[in-house]
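Chains as they are written, first to last, in the numbering used here: chain A, 789 to 930; chain W, 8 to 400.
What follows is the structure, given as C-alpha cells:
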C-alpha cells in the first residue's frame, strides 16, 4: 500500500523515464540526470531513506549511475538510474548535503571519470598516487 | 596551535592499512582526515572476469574476519537476479554459519577493545572463548576461516546430526561465559569511565553519514537487514534487534555484547527447527538483468549488486562493505576528545580495512609515536581512572 502511494507520489513529482519492479523489494527507476539532487532531497529528507551506495557502470548509452536508496522500515531498495553521456561527464554532487555520498562519489570519479559538480573534496580515494588521472580502471575498451 | 598527528598508513594498533590525520590542539582532537586505498585489490574488476560459480570464492577473500558475509550477499544478489528460491534446510544452515561468525567477530572486537584500554585479561578471555567457535567451523565446514559454504541456489555442505550436538555444547559453554563477561565488564567503574560519554555519534549524524550495523544501532537507529529485508531463516525464527540511544562507546559495546547472546538464541532455534531435505536447488542459466543482495555482517549492511547480460560472466559487479559507511562517521565522533580516547573511538566502529581497502611514524609533541606509545597513552588514562576510583572507595 505504502509502496503504491510512494509510486504515485514519485510519478507526480518527477518525470519517470522507466519504472521497473524487479522483485517485491527491488525497484529500479530511471530519471533525467539533472533531477538527481531533487530526487535525493525528496527520498532522503522527506521519505527518510538511507543512501546505501552508488553503482557506476560503463555502458553503450554512457556512464550509468545507480543510486541505491534503502527504505529500511520496509526493506525495499529504490535504485535511481541516471545516464551521464560520455561527451559531457558531469552530474551534480550529493555530498554537498549528504556526507554518505562523499566517498562513493570520489570513487566513481577516479574509476569512471564522472565529474561530480559541487563535491567538497574530489581527490582520488582508492588508486595509488602515481596512477595517471586520465586512465579510468572501470571504463570499457581502455 | 594546531598540530597534525599522522596515524598510519599502517595503523600501529589495528595492524591494517589506513591513514588517519588527527588535527589536535593541545590534547584535544579538532579534526580528522581519513585516507584509504593502500590495500585496493580491484575485486570488482576481478569479479567481472569470473563465472557465477567462482565469484563467491573471490568475494569470500575480501574480508578475513567476516568471511561469510560477502559470499552470502553475493549469492543472494544472483538469486535475486534469477529469481531462485532456495530449500528451507539451506536457509537454516546459512543462518547458523552467519550467526556463529557474528559471535566470533564480536568477541574479537571486545578482546581488542579490552587490550586498547589496558585490560589484557578481557582480551585473553574473549579470545580464549573465540577459539571453540573457530574449531566448530573447522568441524562443520573443514576450514577455520573462508568456509566456502555459500553457493548460488543453496549451500555446499550439510550439517550432520553429530555436528549439531557439538554446536549445542559450544553454545551452552558460550552462553554462561558471555553472561559472566557482560556483567564483569558493565559493572567495572573504570571501563564505564573510559567508555561512557566518549566518542558520541548522534542519531542525526549517524543518519547523515549513512552508518550501518552496531554503529547505527548504538546511536538509536533500529536498522538491521536481518529484520528489515529478511534473508536466510531470519523471518522464520523469533529474535530481537539490540538498540541503545546514547551513541557513545559504551552503547556500541553493549550492542555487540548483547548481540552475542541473541546470536546464541538464534542458533539454538535453528538447530531445533531445521527440517531435513535438500540443501541445493539446481540453477539453470542466469538470465539478463540485475540483482541486489544484502546481508547483515557483524559490522553492518553488506551490499552487492550484479548485472548480467545472459552469459556466465557478470558485466558489472559492485561491492559495498559496512566499514565504507562507518569509518567516515569518525570525522564527527572523534572531535572534541583527547588523543588517548581517539585510540578507542577510531576502533569503536570495528573498522575492517581489508573490506574498505603502510607503518608511518606518528609525531606527538615533536616526538615519534609508535604503536606501543599510543597504547601507553590509552593505558595511562585507564590507570589514572583506576587511581581516582580507588580514592573514592
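Ideal placement from N, C-alpha and C gives every residue a C-beta, glycine not left out.
>> Could you give the first and the last residue of the continuous beta strand (DSSP E) run that contains residue 905 of chain A?
In response: One-based indexing of the first chain puts residue 905 of chain A at position 117. From DSSP, the beta strand (DSSP E) with residue 905 of chain A extends over 903-905.
> Can you find a CB in chain W that lies within less than 8 angstroms of the CB of residue 819 of chain A?
Replying inline: Counting from 1 along the first chain, the entry for residue 819 of chain A is found at position 31. At least 8 angstroms separates the CB of residue 819 of chain A from every CB of chain W.
> At which residues does the alpha helix (DSSP H) containing residue 64 of chain W begin and terminate?
Replying inline: One-based indexing of the second chain puts residue 64 of chain W at position 57. First-last of the alpha helix (DSSP H) with residue 64 of chain W: 62-67.
>> Suppose contacts are defined by Cβ-Cβ distances below 8 angstroms. Is residue 206 of chain W in contact with residue 255 of chain W by that definition?
In response: Start at 1 with the first residue of the second chain, and residue 206 of chain W comes out as number 199. Start at 1 with the first residue of the second chain, and residue 255 of chain W comes out as number 248. Between residue 206 of chain W and residue 255 of chain W, the C-beta spacing is below 8 angstroms.
> For residue 117 of chain W, which three-state DSSP category applies?
Replying inline: In the second chain, the residue the question calls residue 117 of chain W occupies position 110. Looking at residue 117 of chain W - three-state DSSP - the assignment turns out to be helix.
> Whose C-alpha, out of A/901, A/888 and A/789, is nearest the C-alpha of residue 842 of chain A?
Replying inline: Translated into positions along the first chain, residue 842 of chain A becomes position 54. Closest by alpha carbon: A/888.
> Can you tell me the Cα-Cα spacing of residue 365 of chain W and residue 24 of chain W, whole angstroms?
Replying inline: Position 358 of the second chain, counting from 1, holds the residue named residue 365 of chain W. Position 17 of the second chain, counting from 1, holds the residue named residue 24 of chain W. Note that residue 365 of chain W scores a pLDDT of 29, beneath 50, so its modelled location is shaky; the value from the coordinates is reported in the next line. Roughly 5 angstroms separates the two Cα atoms.
> Are the C-beta atoms of residue 266 of chain W and some chain A residue less than 8 angstroms apart?
Replying inline: On the second chain, position 259 is the one that residue 266 of chain W refers to. No, because no Cβ of chain A sits closer than 8 angstroms to the Cβ of residue 266 of chain W.
>> Tell me the rounded alpha-carbon separation between residue 212 of chain W and residue 341 of chain W.
In response: Here residue 212 of chain W refers to the residue found at position 205 when the second chain is read from its first residue. Here residue 341 of chain W refers to the residue found at position 334 when the second chain is read from its first residue. Residue 212 of chain W and residue 341 of chain W: Cα-Cα distance of roughly 12 angstroms.
> Interface residues of chain A around residue 335 of chain W at Cβ under 7 angstroms?
Replying inline: For the purposes of this step, residue 335 of chain W is identified with residue 328 of the second chain, where counting begins at 1. For residue 335 of chain W, the chain A residues whose C-beta falls within less than 7 angstroms of its own C-beta are 887, 890 and 891, listed in chain order.
>> Going by DSSP in three states, residue 345 of chain W sits in which element: helix, strand or coil?
In response: As a first step, residue 345 of chain W is located in the second chain; it is residue number 338 there, counting from the start. If DSSP states are grouped into helix, strand and coil, residue 345 of chain W belongs with the strands.
>> If you measure between the beta carbons of residue 209 of chain W and residue 183 of chain W, is that distance less than 8 angstroms?
In response: For the purposes of this step, residue 209 of chain W is taken as residue 202 along the second chain, with counting starting at 1. For the purposes of this step, residue 183 of chain W is taken as residue 176 along the second chain, with counting starting at 1. No, these two residues do not count as a Cβ contact at 8 angstroms.
> Are residue 153 of chain W and residue 137 of chain W closer than 8 angstroms when you measure CB to CB?
Replying inline: By 1-based counting over the second chain, the position of residue 153 of chain W is 146. By 1-based counting over the second chain, the position of residue 137 of chain W is 130. Cβ atoms of residue 153 of chain W and residue 137 of chain W: not closer than 8 angstroms.
> Can you give the Cα-Cα distance for residue 192 of chain W and residue 898 of chain A, rounded to whole angstroms?
Replying inline: By 1-based counting over the second chain, the position of residue 192 of chain W is 185. By 1-based counting over the first chain, the position of residue 898 of chain A is 110. Computed Cα separation, rounded: 45 angstroms.
>> Within 8 angstroms of any Cβ in chain A, is that where the Cβ of residue 332 of chain W sits?
In response: On the second chain, residue 332 of chain W is found 325 positions in, with the first residue counted as 1. Closer than 8 angstroms: yes.
> For a contact meaning CB atoms closer than 8 angstroms, what does residue 323 of chain W contact in chain A?
Replying inline: Taking the second chain and counting its residues from 1, one reaches residue 323 of chain W at position 316. The contacting residues are 843 and 845.
> Are the segment 223-241 of chain W and the segment 855-870 of chain A touching by the rule of at least three beta carbon pairs closer than 8 angstroms?
Replying inline: Output reads yes: the segment 855-870 of chain A touches the segment 223-241 of chain W.
>> Quick check on residue 865 of chain A - is its C-beta less than 8 angstroms from some C-beta in chain W?
In response: As a working mapping, residue 865 of chain A is identified with position 77 in the first chain. Yes - at least one Cβ of chain W is within 8 angstroms of the one on residue 865 of chain A.
> So residue 26 of chain W is in the beta strand (DSSP E); what residue range does that whole segment cover?
Replying inline: Here residue 26 of chain W is taken as the residue at index 19 of the second chain, counted from 1. Segment 26-32, the beta strand (DSSP E) holding residue 26 of chain W.
>> Does the CB of residue 908 of chain A have a neighbour CB from chain W at under 8 angstroms?
In response: Position 120 of the first chain holds residue 908 of chain A. No, its Cβ sits nowhere closer than 8 angstroms to a Cβ of chain W.
> Measuring CA to CA, which of A/844, A/840 and A/856 is closest to residue 817 of chain A?
Replying inline: In the first chain, the residue the question calls residue 817 of chain A occupies position 29. Among A/844, A/840 and A/856, the Cα nearest to that of residue 817 of chain A is on A/856.
> Given a threshold of 16 other Cβ atoms within 10 Å of its Cβ, counted over all protein chains shown, does residue 276 of chain W qualify as buried or as exposed?
Replying inline: On the second chain, position 269 is the one that residue 276 of chain W refers to. Classification for residue 276 of chain W: buried.
>> Using the three-state DSSP reduction, which class does residue 332 of chain W fall into: helix, strand or coil?
In response: Position 325 of the second chain, counted from the first residue, corresponds to residue 332 of chain W. Here residue 332 of chain W carries a helix assignment [DSSP, helix/strand/coil].
> Taking the beta strand (DSSP E) that residue 22 of chain W falls in, what are its first and last residues?
Replying inline: By one-based count along the second chain, residue 22 of chain W stands at place 15. Segment: none, residue 22 of chain W is in no beta strand (DSSP E) and carries neither H nor E.
> Beta-carbon of residue 306 of chain W versus every beta-carbon of chain A: anything under 8 angstroms?
Replying inline: Reading the second chain from its first residue, position 299 is the one you call residue 306 of chain W. At a cut-off of 8 angstroms between beta-carbon atoms, residue 306 of chain W makes no contact with chain A.
> In terms of alpha-carbon separation, which member of W/38, W/336, W/214 and W/161 lies closest to residue 91 of chain W?
Replying inline: Position 84 of the second chain holds residue 91 of chain W. When only C-alpha atoms are compared, the closest one is W/161.
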